[in-house]
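Peer 1: Dumping the structure here so I can ask a few things about it.
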Amino acid sequence: MTDALGTPVTLILTDIEGTTSSIRFVHDVLFPYATKHLAEFIRANKNTADVQAQLQATADLSAEDGDAVAANDIDGLIARLLHWIDTDRKATPLKALQGLIWEAGYRNGDYQAHMYPDATACLKQWHDQGLPLYVYSSGSIYAQKLFFGFSQDGDLLPLFSGHFDTLVGGKREAQSYLNILADLQKQHNISAANVLFLSDIKEELDAAKEVGMQTMWLVREGDIPMDAEHTVVKSFAEISI
Ligand SMILES: CSCCC(=O)C(=O)COP(=O)(O)O
Ligand SMILES: [Mg+2]
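Counting from 1, one number per residue, gives the positions in the sequence shown under the UniProt record's numbering.
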């Protein structure tokens, strides 16, 4: 695959929810699991350095939002985090805590991460072809590693060369893709146009395209939108590298 100037794709960056895996799994299995266990997890672990740091970050972000909760108000912080789950707020401290909570569910065998069969097949094929594969998701890097490590298709983690989360910035901001590119260029001799970004969200693709990456819009269900900016596909099987 090349762009209009003939630049080849030499590295793939993929989103998770709605791209490699179903939105339903994340919203119907992972989010309810976090909702159910969040209060008990925070009360049991509130004095560990990891959880304390995320509770402080939750208080800081709430203050930035103009709706402050004190860092020692555990009930208030739990309520705020539960509200962020309900509204699908991609807040970095919530995402970090969700990853820690989901770990028990994966390890107990309560669930395995959903993979579209075409995504698993193509990721394996591209890996075998020698293409470096990276993930960029709002889920924390820890959560991403659990997701692919405990997938319904087995441990897919070895397929990936690295992971990015919202610590590089929000997925709809062009600067985040520049940050990712700068990091990738430490290890790979690439320009932005050598990177193919796969996502189900147009605004994320717009941001990646703004910095020069190639893009493909995964539309897993429903009508195919007409889009002049991004090639639209229903499945990874339509992507030939
Ligand atoms: C890493 S698995 C959970 C995914 C998640 O928490 C999420 O918010 C999905 O975000 P994405 O950027 O993958 O659409
Ligand atoms: Mg997505």
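Glycine included, C-beta positions come from ideal geometry on N, C-alpha and C.
Taking C-beta to C-beta, are His114 and Leu159 nearer than 7 Å?
Peer 2: As a working note, residue 114 is residue 114 in the sequence shown. As a working note, residue 159 is residue 159 in the sequence shown. Their beta carbons are not under 7 Å apart, which means His114 does not touch Leu159 by this criterion.
Peer 1: Please name the residue, chosen from Gly105, Arg172, His27, Phe150, that lies closest to Thr87 on a Cα-to-Cα basis.
Peer 2: Taking the first residue of the sequence shown as 1, we reach residue 87 at position 87. Ranking the options by Cα distance to Thr87, first place goes to His27.
Peer 1: Of the choices Ala192, Arg220, Thr231, whose alpha-carbon is the least far from that of Gly212?
Peer 2: Along the sequence shown, one-based indexing puts residue 212 at 212. Of Ala192, Arg220, Thr231, the residue nearest in Cα terms is Ala192.
Peer 1: So what does Phe164 bridge to, in DSSP terms?
Peer 2: By 1-based counting over the sequence shown, the position of residue 164 is 164. The partner list for Phe164 (beta bridge, DSSP) reads Tyr136.
Peer 1: Compare the beta carbon distance of Asp118 and Ile141 with 7 Å and say whether it is the shorter of the two.
Peer 2: Position 118 of the sequence shown holds residue 118. Position 141 of the sequence shown holds residue 141. Going by C-beta atoms, Asp118 is not nearer than 7 Å to Ile141.
Peer 1: With a CB to CB cut of under 7 Å and the five nearest residues on each side skipped, what residues in its chain are close to Ala71?
Peer 2: Counting from one through the sequence shown, the residue named residue 71 turns up at place 71. Result list for Ala71: Leu55, Gln56, Ala59, in chain order.
Peer 1: Between the Cα of Met216 and the Cα atoms of Met226, Lys186, Glu203, Leu198, which residue gives the shortest distance?
Peer 2: Translated into the one-based positions of the sequence shown, residue 216 becomes position 216. That would be Leu198, whose Cα lies nearest to the Cα of Met216.
Peer 1: Helix, strand or coil for Thr48? Go by DSSP, reduced to three states.
Peer 2: What you label residue 48 is simply residue 48 of the sequence shown in a count that begins at 1. The answer is coil: DSSP assigns Thr48 none of H, G, I, E or B.
Peer 1: Once the 5 residues before and after Gln152 are set aside, which same chain residues still bring their CB inside 7 Å of it?
Peer 2: Residue numbering aside, residue 152 sits at position 152 when the sequence shown is read from its first letter. Excluding positions up to five away in sequence, the list reads Gln112, Ala113, His114, Met115.
Peer 1: Which of the three DSSP states is assigned to Gln175 in this structure?
Peer 2: Residue numbering aside, residue 175 sits at position 175 when the sequence shown is read from its first letter. Helix.
Peer 1: What are the boundary residues of the alpha helix (DSSP H) that includes Ile74?
Peer 2: Along the sequence shown, one-based indexing puts residue 74 at 74. 74-86 is the extent of the alpha helix (DSSP H) around Ile74.
Peer 1: Arg172 and Glu203: beta carbons closer than 7 Å?
Peer 2: The count along the sequence shown starts at 1 and reaches residue 172 at position 172. The count along the sequence shown starts at 1 and reaches residue 203 at position 203. Yes, the Cβ-Cβ distance between Arg172 and Glu203 is below 7 Å.
Peer 1: Taking Cβ to Cβ, would you say Ile101 is nearer than 7 Å to His163?
Peer 2: The residue you call residue 101 lines up with position 101 of the sequence shown. The residue you call residue 163 lines up with position 163 of the sequence shown. Not a contact, by the Cβ cut-off of 7 Å.
Peer 1: For the candidate residues Lys234, Gln185, Glu229, whose alpha-carbon lies nearest to that of Thr10?
Peer 2: Along the sequence shown, read from residue 1 onward, the residue named residue 10 stands at position 10. Minimum Cα distance to Thr10 is reached at Gln185.
Peer 1: Counting Cβ pairs, one atom from each stretch, are 3 or more of them under 8 Å apart for the segment 120-134 and the segment 89-104?
Peer 2: No, the segment 120-134 does not touch the segment 89-104.
Peer 1: Expressed to the nearest angstrom, what Euclidean distance is found between the alpha-carbon atoms of Val219 and Gly18?
Peer 2: Position 219 of the sequence shown, counted from the first residue, corresponds to residue 219. Position 18 of the sequence shown, counted from the first residue, corresponds to residue 18. Distance between the alpha carbons of Val219 and Gly18: 8 Å.
Peer 1: Would you check whether ligand 2 has a heavy atom nearer than 6 Å to the C-beta of Ile190?
Peer 2: Locating residue 190 in the sequence shown gives position 190, counting from the first residue. It does not: the Cβ of Ile190 is nowhere closer than 6 Å to a heavy atom of ligand 2.
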